[in-house]
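Below: the structure, in structure tokens.
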Amino acid sequence: AQPKTLLLSEIEPGHRYEVVCTNDGGLVRYRMGDVINCTRFFSRANDLVPLPEEPVDIPRIPLISLAYRVGNVLGIFGEKITEQHMMNALQQTIRQWREQGILVDLHDFTSCPKLDVFPAKFVIFLELIDDQGYKIDAQQLRILQNTASAEVDQQLCKANQGYTNGRSATRLDSLDCIFVRTGTFSTFVTKFLMTDRTSSVQIKPHRILKNEDHIRFFYDNQIDISSS
5 AQPKTLLLSE
15 IEPGHRYEVV
25 CTNDGGLVRY
35 RMGDVINCTR
45 FFSRANDLVP
55 LPEEPVDIPR
65 IPLISLAYRV
75 GNVLGIFGEK
85 ITEQHMMNAL
95 QQTIRQWREQ
105 GILVDLHDFT
115 SCPKLDVFPA
125 KFVIFLELID
135 DQGYKIDAQQ
145 LRILQNTASA
155 EVDQQLCKAN
165 QGYTNGRSAT
175 RLDSLDCIFV
185 RTGTFSTFVT
195 KFLMTDRTSS
205 VQIKPHRILK
215 NEDHIRFFYD
225 NQIDISSS
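Numbering of the sequence shown is given in the working numbering, commencing with residue 5 and proceeding in unit increments.
So, in structure tokens, the structure goes:
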């Protein structure tokens with residue numbers, strides 16, 4: 005069925021939407037392949053420009069963040085794991101952590117296949133952020149690092165049947181979740197993706213790594229829990 009199309013003023017915070025562009029006549033629609041999160045609405049209180057004293061009708065302006073790209077696929081034996089599959093598995097895992105009183109959230113993630121081991125596996129690099137007023141301690145971080153791989157692996161099996169089949173047939177080993185230091189993703193963008201002709205708003209998340217230098221960068225920035 006054709007999904008319902010909403011105008012920008014009709015989207016709601018806390019929901020995800022795929023971006024569709026059209027022309028003035030609205031006769032042609034282009035699916036951009038970007039899925040966004042609507043985080044909140046811009047209000048007068050956010051406006052640094054003085055507003056007129058008389059009340060004026062200001063349309064709702066949604067503030068958005070990019071969630072993932074449609075069509076980016078990770079696979080070794082035809083599993084076809086999308087960004088959405090990984091995002092869902094990670095968010096379900098983090099929801100479980102929060103229910104246990106560990107108040108962290110996902111800042112960003114990326115992934116790659118690891119083919120130099122047998123069985124082959126996937127690797128997911130995570131950067132976490134603490135809730136305001138909460139600071140994760142070394143013991144909690146160690147617990148998360150020791151359990152994250154198995155928990156995300158379980159959630160990814162629920163999200164993707166191809167991955168479940170690969171794990172059941174022992175073609176794939178359990179994935180590895182590696183925590184990276186705070187600021188790793190912003191440094192990655194600055195070091196590898198920014199150029200004189202691009203701005204940060206033009207750069208889309210790299211959720212599937214294919215460049216060996218990029219992969220090595222994330223390995224080099226992993227948190228050493230033995231010294232935490």
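Even glycine gets a Cβ: it sits at the ideal position worked out from N, Cα and C.
Reduced DSSP secondary structure (H/G/I, E/B, other) of residue i
i           : result
residue 174 : coil
residue 104 : coil
residue 147 : helix
residue 232 : In this predicted model, residue 232 has a pLDDT of only 49, less than 50, meaning its place in the structure is not dependable; the value taken from the coordinates is given anyway. Three-state result, residue 232: coil.
residue 162 : helix
residue 11  : coil
residue 89  : helix
residue 33  : strand
residue 16  : coil
residue 109 : strand
residue 83  : coil
residue 73  : strand
Per-residue burial, residue i [other beta carbons within 10 Å of its own, 16 or more giving buried]
i           : result
residue 83  : buried
residue 103 : exposed
residue 157 : buried
residue 220 : exposed
residue 19  : exposed
residue 122 : exposed
residue 34  : exposed
Integer Cβ distance of residue i from residue j, believed to fall under 8 Å
i           : j           : result
residue 115 : residue 213 : 7 Å
residue 170 : residue 179 : The pair is not a contact, with the Cβ atoms about 11 Å apart (cut-off 8 Å).
residue 229 : residue 149 : 5 Å
residue 45  : residue 67  : 7 Å
residue 113 : residue 78  : The pair is not a contact, with the Cβ atoms about 12 Å apart (cut-off 8 Å).
residue 194 : residue 225 : About 13 Å; that fails the 8 Å criterion.
residue 160 : residue 93  : 4 Å
query = Whole alpha helix (DSSP H) runs in the segment 183 to 222 with 4 or more residues, listed along the chain?
reply = 188 to 192
query = Between the segment 103 to 113 and the segment 125 to 140, do three or more beta carbon pairs fall short of 8 Å?
reply = yes
task = State whether the segment 29 to 38 contacts the segment 72 to 82, with contact taken as three or more CB pairs (one from each stretch) at a distance under 8 Å.
result = yes
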